[in-house]
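Numbering (the working numbering), first residue to last: 43 to 270.
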């Protein structure tokens, strides 16, 4: 039995969550220090804009690739790189807080590989569908579609737990309803653009992926098909 005096005061985070956090935090730290004039000299002021241009997702570039049937690797990679570039410190801070909280729960409940797949595929899928469905000239940057995928994973976990206790399962979607409500209220007073669509898509992708990735789901699906 573990000595309670040696137990850490904070439950340790899964390594993959820490690495993802450090990747986002490292990029933001460099950009913030450059904007503060602490590193990089005068040219550091333009680092963030340069990263958005080089690694952000552009719906217009995506439309060009679809229309011409050309898929340059450096342009395709944008769907995987844009979550690591943010518009500012506050923009990145909320994403990192949600990442740590939800990433820990998803990785511990469904495994670290599932965490990675949800984070990557929800972010990439959110960008692709955002590009296909909308004609928005704004660049898509930030980890929010990927983090909303983790919210989908969290909602799936709660949905299954509530089903096991006989509680109404709609309560599993309280968090996403709250966040979308905040988006709606914020949009009444400020111009927020359409990037929330990519976030909502990320949520649905994260939730849907759990039917394929969550432990025991394949067995549950097979059992359901046999009963039919």
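Note that CB positions come from ideal geometry on N, CA and C, so glycine has one too.
{"Query": "Among the residues of its own chain, which have a CB less than 8 Å from the CB of residue 103, if the five just before and after it don't count?", "Result": "117, 120"}
{"Query": "Check whether the Cβ atoms of residue 182 and residue 97 lie closer than 7 Å to each other.", "Result": "no"}
{"Query": "Look at the alpha carbon of residue 254 and the alpha carbon of residue 260, and state the distance between them as a whole number of angstroms.", "Result": "7 Å"}
{"Query": "Buried or exposed: residue 44, going by 16 or more other Cβ atoms within 10 Å of its Cβ?", "Result": "Only weak support exists for where residue 44 lies, its pLDDT of 46 falling under 50; the value from the coordinates is given anyway. By the 10 Å Cβ count, residue 44 comes out exposed."}
{"Query": "Since residue 99 sits in a beta bridge, which residues does DSSP pair it with?", "Result": "182"}
{"Query": "Taking the alpha carbon of residue 139 as the reference point, which residue from 198, 66, 81, 109 has its own alpha carbon closest?", "Result": "66"}
{"Query": "Between the C-alpha atoms of residue 331 and residue 90, what's the straight-line distance to the nearest angstrom?", "Result": "Residue 331 falls outside the range modelled here, since the chain spans only 43 to 270, and no answer is possible."}
{"Query": "Just mark residue 115 as buried or exposed, buried being the case when its beta carbon has 16 or more other beta carbons within 10 Å.", "Result": "exposed"}
{"Query": "Grab the span of the alpha helix (DSSP H) containing residue 247 for me, first residue to last.", "Result": "237-255"}
{"Query": "Thinking C-alpha only, which one of 146, 112, 110, 78 is nearest residue 57?", "Result": "146"}
{"Query": "Taking 8 Å as the cut-off, does the segment 155-166 touch the segment 244-252 (at least 3 CB pairs, one atom from each stretch)?", "Result": "yes"}
{"Query": "Looking only at C-alpha atoms, which of 173, 220, 185, 190 sits nearest to residue 134?", "Result": "185"}
{"Query": "Would you decide whether residue 73 is buried or exposed? Buried here means 16 or more other CB atoms lie within 10 Å of its CB.", "Result": "buried"}
{"Query": "Using 8 Å as the Cβ pair cut-off and three pairs as the minimum, do the segment 142-160 and the segment 189-199 touch?", "Result": "yes"}
{"Query": "Check whether the Cβ atoms of residue 271 and residue 130 sit closer than 7 Å, and answer yes or no.", "Result": "Since the first and last residues shown for the chain are 43 and 270, residue 271 lies out of range."}
{"Query": "What span of residues does the alpha helix (DSSP H) with residue 171 cover, start to end?", "Result": "154-175"}
{"Query": "Less than 7 Å between CB atoms is the rule here; does residue 106 satisfy it with respect to chain B?", "Result": "The structure shown contains no chain B; it holds only a single protein chain."}
{"Query": "Along the chain, where does the alpha helix (DSSP H) containing residue 72 start, and where does it finish?", "Result": "57-77"}
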